[in-house]
Every structure is written in C-alpha cells, then in structure tokens.
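Asker:
Printed below as a string of structure tokens:
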C-alpha cells in the first residue's frame, strides 16, 4: 500500500505540504538541491512516516502538525528558515 506523506502531514482545509518542505522542517535537512533523486525521496518519505508513527504513539502528532503549519504560514512555506519545533 502506498501512503503519501503529504496526506499524513495534512490538516483539513489547508494546503498540502511538499516532501522537500516536510523533510526540511521535520528531519532538519534539505533535499533535491540540484537534481531530483527518487531514492532520496523514498528515504525521506520513509523517515517521515516513521516520525509520524512515533509522534502518534507519543500522543504528540496533532500538536506537531499545528506547529508545522504555523511555521509554514509564518515563513510562507519557504526553506532555509530556522524552525521553532
């Protein structure tokens, strides 16, 4: 079964967040700086999935998602802005 990280990290009535932005915010690194790399995409998607599972098990996912969107709105979903996790 395929699960898109954009669906996992999505709030209703809000924009979908790109894999690159999610990786930058949640994993603290940039990706696809020069060329597209499907292996890098797959690794990042897996790490994000595991992070979501962990946050849900700890009961912290909803709060994390709210902070993710709040940060995105403040930065206009641009990369390279220090996050405030």
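In this note's numbering, the protein residues as written are 1 to 85. C-beta: ideal position from N, C-alpha, C; glycine also.
Could you check where the alpha helix (DSSP H) with residue 18 kicks off and where it finishes?
Answerer: Premise fails: residue 18 is in no alpha helix (DSSP H) and is neither H nor E.
Asker: Residue 71: which of 20, 50, 37, 25 sits nearest, CA to CA?
Answerer: Measuring from the Cα of residue 71, the nearest candidate turns out to be 25.
Asker: Can you give me the Cβ contacts of residue 16 inside the same chain, cut-off strictly under 7 Å, excluding the 5 residues immediately before and after it?
Answerer: Closer than 7 Å at the Cβ level, and outside the excluded window around residue 16, lie 6, 10.
Asker: To the nearest angstrom, how far is the alpha carbon of residue 63 from that of residue 23?
Answerer: About 18 Å.
Asker: Is residue 4 helix, strand or coil when you go by DSSP?
Answerer: Coil at residue 4, not helix or strand.
Asker: Look at the alpha carbon of residue 39 and the alpha carbon of residue 59, and state the distance between them as a whole number of angstroms.
Answerer: Going from the Cα of residue 39 to the Cα of residue 59 covers about 30 Å.
Asker: Tell me whether the beta-carbon of residue 31 lies closer than 8 Å to the beta-carbon of residue 44.
Answerer: Their beta carbons are under 8 Å apart, which means residue 31 touches residue 44 by this criterion.
Asker: What do you reckon, are the CB atoms on residue 41 and residue 19 nearer than 8 Å?
Answerer: Against a cut-off of 8 Å, the Cβ pair of residue 19 and residue 41 comes out as a contact.
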